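Below is one structure, written out as C-alpha cells; the observations come after it.
Numbering (mature numbering (1 follows the signal peptide of the UniProt record, and there is no 0)), first residue to last: -24 to -1, 1 to 138.
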C-alpha cells in the first residue's frame, strides 16, 4: 500500500515537472488577466473599477436569471472601462470578509481569469486617477502623442452610470 502511494506521488510529481516548461512557453499564460479594483466606501456600498482587461476571450455563458448589468459585467467587461460600478449592501457589514466575497461574486462569478483587489478603505485619489487615465486613452505624462478625442468627449462617453 505504501509502495503504491509512493509510486502514485512520484508519477504525479514527474508529470507536473514535465509540463512546467510547456506552461512557461505558452503564450496564453502571458496574457493579462481580468482584474477589478474594489473598495468599501463606508456608506453601505462597494465601488469597483476595471483595472485591467485581457484580450477578448470567450467569457462563457451567463445565465438569464442574472440581472442585465451582471450579465454585461461578465460577458463584456471591456465596455465598463472608466465606469464606477456601485454594489449596494443595504446595511453596514458586520463580517469584514463578506464585502470581499460579494465583490468577487458580482464582478467575476466563476471566471478563472478574473481577480478582485479589495480594500476596506477608499484608495488614494492618485490610484483611482491612474486607473481612469489608463482607460480613457488620454496622453500619459511623457507621452508625445495627441489624444484621439477631446477630454470632454471622452468623459461624456465614459460617464454613463450603472
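Glycine included, every Cβ here is placed at the ideal spot set by N, Cα and C.
On a predicted model such as this, the values are computed, not experimentally measured, just so you know.
For residue j and residue i, believed in contact at Cβ under 8 Å, the rounded distance
i, j, result
"residue 50", "residue 13", "Not a contact, Cβ separation roughly 17 Å."
"residue 20", "residue 67", "6 Å"
"residue 30", "residue 89", "6 Å"
"residue 94", "residue 69", "With a Cβ gap of about 12 Å, residue 94 and residue 69 do not count as contacting."
"residue 10", "residue 53", "6 Å"
Among the options, the one whose alpha carbon lies nearest that of residue i
i, options, result
"residue 83", "56, 20, 103", "56"
"residue 92", "100, 79, 102, 104", "79"
"residue 109", "69, 52, 59, 17", "59"
"residue 15", "53, 77, 111, 85", "77"
"residue 48", "85, 107, 102, 104", "85"
"residue 18", "81, 43, 96, 104", "96"
"residue 42", "28, 81, 73", "81"
Simplified DSSP assignment, three categories, for residue i
i, result
"residue 93", "strand"
"residue 103", "helix"
"residue 79", "helix"
"residue 110", "helix"
"residue 74", "helix"
Does the segment 9 to 27 come close enough to the segment 60 to 79 that 3 or more CB-CB pairs lie under 8 Å? The segment 60 to 79 is in contact with the segment 9 to 27.
What alpha helix (DSSP H) runs, 4 residues minimum, are completely inside the segment 8 to 68? Assignment of alpha helix (DSSP H) within the segment 8 to 68, counting only whole runs of 4 or more residues, yields 44 to 51 in chain order.
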